[in-house]
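Participant: Supplied in structure tokens, the structure appears directly below.
Residue numbers (the working numbering): 60 to 133.
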């Protein structure tokens with residue numbers, strides 16, 4: 060994706076977007092791609108965290124995971 064303008068995720072057919080494509084878009088700070096990944100994985104991340112700790116801490120873990128994804132995907 061280097062040298063190409065940011066992709067407009069909203070115009071693409073979402074089911075065809077695999078995680079690798081979405082990660083590349085997020086690395087270009089594409090908020091729409093981040094939203095798709097969040098929607099795709101938030102329930103799984105929360106469920107796993109909730110199995111390991113209480114609900115308030117699980118919510119904090121979810122926030123931390125997705126914050127780190129946005130900040131460190133480069």
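Note that CB positions come from ideal geometry on N, CA and C, so glycine has one too.
(1) If distances are taken between C-alpha atoms only, which option among 77, 75, 107 comes closest to residue 120?
(2) What is the DSSP secondary structure of residue 123, reduced to helix, strand or coil?
(3) From residue 97 to residue 85, what distance separates their C-alpha atoms?
(4) Let me know if residue 81 comes out buried or exposed under the rule of 16 or more other beta-carbons within 10 Å of its beta-carbon.
(5) Among 123, 95, 124, 133, whose alpha-carbon lies nearest the alpha-carbon of residue 75?
(6) Quick one: what does DSSP say residue 79 is sitting in, helix, strand or coil?
Facilitator: Answer, in terms of the structure:
(1) As a position in the chain shown, residue 120 is number 61, starting the count at 1. The option with the nearest alpha carbon to residue 120 is 107.
(2) One-based indexing of the chain shown puts residue 123 at position 64. Of the three classes helix, strand and coil, the one that applies to residue 123 here is helix, per DSSP.
(3) Counting from one through the chain shown, the residue named residue 97 turns up at place 38. Counting from one through the chain shown, the residue named residue 85 turns up at place 26. Cα-Cα distance, rounded: 11 Å.
(4) Against the chain shown, residue 81 aligns to sequence position 22. So residue 81 counts as buried.
(5) The residue given as residue 75 occupies position 16 in the chain shown. Among 123, 95, 124, 133, the Cα nearest to that of residue 75 belongs to 95.
(6) Numbered from 1 along the chain shown, position 20 holds the residue referred to as residue 79. Taken through DSSP and simplified to helix, strand or coil, residue 79 comes out as helix.
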